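K.L.:
Structure in C-alpha cells, see below.
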Amino acid sequence: MAYAEIYAAWRSDPEAFWLDAAQAIDWDVAPVKALDDSRAPFYTWFADARVNACWNAVDRHVAAGRGDQVAILHDSPVTASQRRVTYAELQANVARLAGALRAQGVEQGDRVIIYMPMVPEALEAMLACARLGAVHSVVFGGFAAAELAVRIDDCTPKAVIAGSCGVEPSRVVPYKPLLDAAIAMASHKPAFCVILQRPQGIGELTAGRDHEWHAFQQGADPADCVPVAGDHPAYVLYTSGTTGQPKGVVRATAGHLVALSWSMRAIYNAGIGDVFWAASDVGWVVGHSYICYGPLVAGCTTLLFEGKPVGTPDAGTYWRVIAEHGVKSLFTAPTALRAIKREDPQGNMIGQYDLSGFQTLYLAGERADPDTVIWAQDHLKVPVIDHWWQTETGWPIAANPVGLGALPVKVGSPSVPMPGYDVQVLDEAGHPVPAGTLGAIAIKLPLPPGTLPTLWNAEARFHKSYLAHFPGYYETGDAGYIDDGGYIYIMARTDDVINVAGHRLSTGAMEEVLAGHPDVAECAVIGVADALKGQSPLGLLCLNRGTNRAPEDVARECVALMREKIGPVADFKRACVVERLPKTRSGKILRATMAKIADGEPFKIPATIDDPVTLDEIRAALARLGYPAG
Numbered sequence: 001m002a003y004a005e006i007y008a009a010w011r012s013d014p015e016a017f018w019l020d021a022a023q024a025i026d027w028d029v030a031p032v033k034a035l036d037d038s039r040a041p042f043y044t045w046f047a048d049a050r051v052n053a054c055w056n057a058v059d060r061h062v063a064a065g066r067g068d069q070v071a072i073l074h075d076s077p078v079t080a081s082q083r084r085v086t087y088a089e090l091q092a093n094v095a096r097l098a099g100a101l102r103a104q105g106v107e108q109g110d111r112v113i114i115y116m117p118m119v120p121e122a123l124e125a126m127l128a129c130a131r132l133g134a135v136h137s138v139v140f141g142g143f144a145a146a147e148l149a150v151r152i153d154d155c156t157p158k159a160v161i162a163g164s165c166g167v168e169p170s171r172v173v174p175y176k177p178l179l180d181a182a183i184a185m186a187s188h189k190p191a192f193c194v195i196l197q198r199p200q201g202i203g204e205l206t207a208g209r210d211h212e213w214h215a216f217q218q219g220a221d222p223a224d225c226v227p228v229a230g231d232h233p234a235y236v237l238y239t240s241g242t243t244g245q246p247k248g249v250v251r252a253t254a255g256h257l258v259a260l261s262w263s264m265r266a267i268y269n270a271g272i273g274d275v276f277w278a279a280s281d282v283g284w285v286v287g288h289s290y291i292c293y294g295p296l297v298a299g300c301t302t303l304l305f306e307g308k309p310v311g312t313p314d315a316g317t318y319w320r321v322i323a324e325h326g327v328k329s330l331f332t333a334p335t336a337l338r339a340i341k342r343e344d345p346q347g348n349m350i351g352q353y354d355l356s357g358f359q360t361l362y363l364a365g366e367r368a369d370p371d372t373v374i375w376a377q378d379h380l381k382v383p384v385i386d387h388w389w390q391t392e393t394g395w396p397i398a399a400n401p402v403g404l405g406a407l408p409v410k411v412g413s414p415s416v417p418m419p420g421y422d423v424q425v426l427d428e429a430g431h432p433v434p435a436g437t438l439g440a441i442a443i444k445l446p447l448p449p450g451t452l453p454t455l456w457n458a459e460a461r462f463h464k465s466y467l468a469h470f471p472g473y474y475e476t477g478d479a480g481y482i483d484d485g486g487y488i489y490i491m492a493r494t495d496d497v498i499n500v501a502g503h504r505l506s507t508g509a510m511e512e513v514l515a516g517h518p519d520v521a522e523c524a525v526i527g528v529a530d531a532l533k534g535q536s537p538l539g540l541l542c543l544n545r546g547t548n549r550a551p552e553d554v555a556r557e558c559v560a561l562m563r564e565k566i567g568p569v570a571d572f573k574r575a576c577v578v579e580r581l582p583k584t585r586s587g588k589i590l591r592a593t594m595a596k597i598a599d600g601e602p603f604k605i606p607a608t609i610d611d612p613v614t615l616d617e618i619r620a621a622l623a624r625l626g627y628p629a630g
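Using UniProt numbering, read the sequence shown as starting at 1 and increasing by one per residue.
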C-alpha cells in the first residue's frame, strides 16, 4: 500500500491500524485494545499488553538463528579503534550486566542513570535496564555536574552507570569527577555506581559505592527478560525546559516498540541485516530511537560512531564510514552537513570513496535549509529526505516514507504527516488557518503510540507545557505552514518568529535567502528589539572555508539579496560575519540566547551548549555593531 492509502487507513480506524502494526512485536501478552482514552487528555497505548523491550531488540534475533549477525558496529576515529558485537555476544553481555544489577537490588521500576560516551557498553547498559524492567535515564556524557545533579534528584536513581571519560578530537573529558561532584550536590544518593574505565582517562573509584565495570559483572548469573505492562516506562529522557528546569519525557514501553518497528520499515526502509547509521549520541532522543532500539528491533546492524563530521580527521570521515561499513542509510543533522560543506564546499572528498551501496540520507534535528539539501543531492546522488520530530514524540511526525514508496521531494519541507499525527496550523486563538499561512503547528489529540504520555512526576506541568494553550491539541512549539498539497513546512520555533511592525516573519524563510549566497556556509537570523518597529532582523553569517571575499562585502550583498527576495517588509538592514554560531550538542542554533545578548537581557547559558566560548564570540561581534540595544 502507498502512503495515501495507509494514512487513510489510519484515519478511518486508528484502533485497527495500530493493533495491526503491533503484530510485528513479540508479546508475552498481546494487546487486545490499542488506545485507552479513559483519562483523556492523558492517553495510554497497549496498556493491557505485557512485553519486554530487550527481548524484542536482542533475544528474538538470536532465537531466530541470527546470533552471528553483527548487531553493533563501533567506529571510533578519536580512539583509532573499531569493534563488532554480534547479536549473540550482545545477548550474553546484556544478560550478564542485568544479572549483576539485579544482584545489587535493581528491580522493575527502579531508575538507573546512564552517563556514558559513544561506546557499545552504553547500549548494553540501556538494554540491561530494559531486560529487568528498570527505567533508564541517559544523560549526555560530560554534562555539567550541576545539571546532572538536577536529574539525579528528579528521577532518584538506584544506580548510575558511567564511563570514566569521553574522548573528543582535541581532548579527553574526565566524566568521573563530574559524576562525583553531581552526587555530592544532589540530595538523592544512588546506592551504587558502575564505572567503565577507559584507558584514555582512568577514574578514581569511591570505596563502598563504585564498582569497576568488569569486576562488577564477574560471576553474575545472567538475567532473563522481565515482561512489563505495555504502559510501563521504558525510559525518562530530559529535555530543556523554558523555566530552566529540565523536563523528564516519559517513553512507554509498548507504544515505543510498535512505533519504532513501524517507522524502521515504512520511513527508513531498513530491515534485517541492513547497516543503519544515526550519527547522533545516546544522550539524545535520536540515540534512543535510532541508534539503540529502532535498528535493533528491526534486526539491523546499528553503527555507533565516536567522532565528529569534521576534524576526525577531516570532512571526509562520514563518507569513509559509509564506504567502509556498507552503510545503507545515514541519519544526521543538517548542521553536520553544513560543517562538512563549509570545509569541502565543492564536495571533493565525496569522490574519494565508493558510496555505491549508500541509498538514502535522512536529515532532522534542525531545519534543513534548501541550500544544504541541494548541495547534498548534487554531490551524493541519492535522495535527501528531511523529516521532522521532537524528543517528546520519539519518532517522526512528518516524513517522506521511503519504505512505502517515496513521495516527490519538495526541498524545504519534511514532507507529509505520518499515521497517528493529525497535524494542523492554528492562529493564536486556536483556529485553523488557510493553506500557505504561517501559524503555530499543533497535533490533534490523541498522539500516536511512542509519543510521551506525560512528564516524569509532573503531570500538571505536562498539561501546562503542551496541552493547555490549544485545548484538544498537542502544541509542538514550532511555527510553519501546510501547502495545498498537504506538505508541511517548519519555518522556526514559535519563539523565533519575529514581529516587524506588525508583520509576523519567519526567521527560517530569511535564513533560506541568506544561505543561497555562494559564500555563506551557515547562518542564523534573530529578532532584536527596535523602538519603532518592535523587532528588527539581524543576520549572522559563517563563510565557507577558503573564500577570499571581504566579510563586509558578503554582508552587504546579503542585505541586498534579502531586499530582492523578501522585500522591504522584512526591514533587513544588518548582517555580520562571525566565525561560529552557538549551538547545542545536537546541532540546534541558540537563536533565543543570541537575541537576549543583542537586547542586553539577562540569560542563562543552556546546559546543552556545545561550546560556551561561542557566546563570547557572538557578544563581541554584536558589540562591534553597537548592540546590545536593550
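Glycine included, each C-beta is placed from N, C-alpha and C at the ideal position. Just so you know, these numbers come straight off a predicted model, no measurement behind them.
Quick one: measure Cβ to Cβ for M510 and M562, integer angstroms, because I've assumed they're closer than 8 Å.
P.N.:
Rounded to whole angstroms, the Cβ separation of M510 and M562 is 6 Å, and the two are in contact under 8 Å.
K.L.:
Kindly list the residues whose CB is nearer than 6 Å to the CB of H379, restricted to its own chain and excluding five residues on each side of it in sequence; keep chain order.
P.N.:
Contacts found: G347 and I350.
K.L.:
Please state whether DSSP places Q424 in a helix, a strand or coil.
P.N.:
strand
K.L.:
Would the segment 436-451 count as touching the segment 303-312 if we require 3 or more Cβ pairs under 8 Å?
P.N.:
no
K.L.:
Nearest CA to the CA of D553: which residue from A575, H61 and I566?
P.N.:
A575
K.L.:
So is V29 buried or exposed if we call it buried at 16+ other beta carbons inside 10 Å?
P.N.:
Exposed is the call here.
K.L.:
Over the uninterrupted beta strand (DSSP E) stretch that includes P537, give me the two end residues.
P.N.:
From DSSP, the beta strand (DSSP E) with P537 extends over G534 to L543.
K.L.:
Using 10 angstroms around the beta-carbon of E121, count the other beta-carbons present and answer buried if the total reaches 16, otherwise exposed.
P.N.:
It counts as buried.
K.L.:
Sorted by chain position, which residues of the same chain lie with C-beta nearer than 6 Å to E147's C-beta, five sequence neighbours on each side aside?
P.N.:
A607
K.L.:
Please go through the segment 273-331 and give each complete beta strand (DSSP E) segment of 3 or more residues, from N-terminal end onward.
P.N.:
Listed in chain order, they are 275-278 and 301-305.
K.L.:
So, using beta-carbon positions, are W388 and C225 closer together than 7 Å?
P.N.:
no
K.L.:
Just confirm the distance between the C-beta atoms of Y473 and L445, as a whole number of angstroms; I'd bet it's less than 8 Å.
P.N.:
6 Å
K.L.:
Assuming P222 contacts G99 under a Cβ cut-off of 8 Å, what Cβ separation, rounded to an integer in Å, is found between them?
P.N.:
5 Å
K.L.:
F17 to G316, Cα distance in whole Å?
P.N.:
43 Å
K.L.:
Measure how close the beta-carbons of V135 and V236 come, nearest whole angstrom, since I'm counting them as under 8 Å.
P.N.:
6 Å
K.L.:
Quick check for students: name the residue ranges of the alpha helix (DSSP H) that lie wholly in the UniProt domain "Acetyl-coenzyme A synthetase N-terminal" (3-57), counting only runs of 4 or more.
P.N.:
3-12 and 14-21
K.L.:
Once the 5 residues before and after G67 are set aside, which same chain residues still bring their CB inside 8 Å of it?
P.N.:
Cβ neighbours of G67 beyond the five flanking positions: H61, T86, Y87, A88 and Q91.
K.L.:
Going by Cα to Cα distance, which pick from L35, D26 and T372 is closest to T335?
P.N.:
It is T372 whose Cα lies nearest to the Cα of T335.
K.L.:
Where A376 and G248 are concerned, what is the direct C-alpha to C-alpha distance, given to the nearest angstrom?
P.N.:
35 Å
K.L.:
Between the segment 212-220 and the segment 173-189, do at least 3 Cβ pairs fall closer than 8 Å?
P.N.:
Verdict: no, contact absent.
K.L.:
Please determine if the segment 415-427 and the segment 394-407 are in contact, where contact requires at least 3 C-beta pairs separated by less than 8 Å.
P.N.:
yes
K.L.:
Is P233 closer than 7 Å to V250 when the C-beta atoms are compared?
P.N.:
yes
K.L.:
Considering just the uninterrupted stretch of the beta strand (DSSP E) at E124, what are its terminal residues?
P.N.:
Not the beta strand (DSSP E): E124 falls in the alpha helix (DSSP H), residues P120 to L132.
K.L.:
Look at L127 and L303 and say whether their C-beta atoms are less than 7 Å apart.
P.N.:
no
K.L.:
Among the candidates A620, A531 and A162, whose CA atom is the shortest distance from the CA of R580?
P.N.:
A620
K.L.:
Here's a check: name, in chain order, each residue in its chain whose Cβ is nearer than 7 Å to the Cβ of V327, leaving out the five neighbours to either side.
P.N.:
V275, W277, L303, V321 and F358
K.L.:
In the structure shown, what three-state DSSP assignment does G208 receive?
P.N.:
coil
K.L.:
With H, G and I counted as helix, E and B as strand and the rest as coil, what does DSSP make of M418?
P.N.:
DSSP, read as helix, strand or coil, puts M418 in coil.
K.L.:
Would you say the segment 476-493 touches the segment 529-538, given that touching needs at least three Cβ pairs under 8 Å?
P.N.:
no
K.L.:
Whole angstroms are fine: how far does the CA of K596 sit from the CA of P602?
P.N.:
P602 and K596: Cα-Cα distance of roughly 7 Å.
K.L.:
If distances are taken between C-alpha atoms only, which option among A125, G133, A266 and E343 comes closest to V139?
P.N.:
A125
K.L.:
Just grab the DSSP bridge partners of G450 for me.
P.N.:
G450 pairs with nothing; no bridge assigned.
K.L.:
DSSP beta-bridge partners for I202?
P.N.:
The beta-bridge partner set that DSSP reports for I202 is empty.
K.L.:
Just the Cα atoms here: how many angstroms apart are G141 and A191?
P.N.:
Near 20 Å, if we compare the C-alpha coordinates of A191 and G141.
K.L.:
From G163 to R198, what distance separates their C-alpha atoms?
P.N.:
7 Å
K.L.:
Could you say which of K573, A53, T312 and P157 lies nearest to R131 if we only look at CA atoms?
P.N.:
A53
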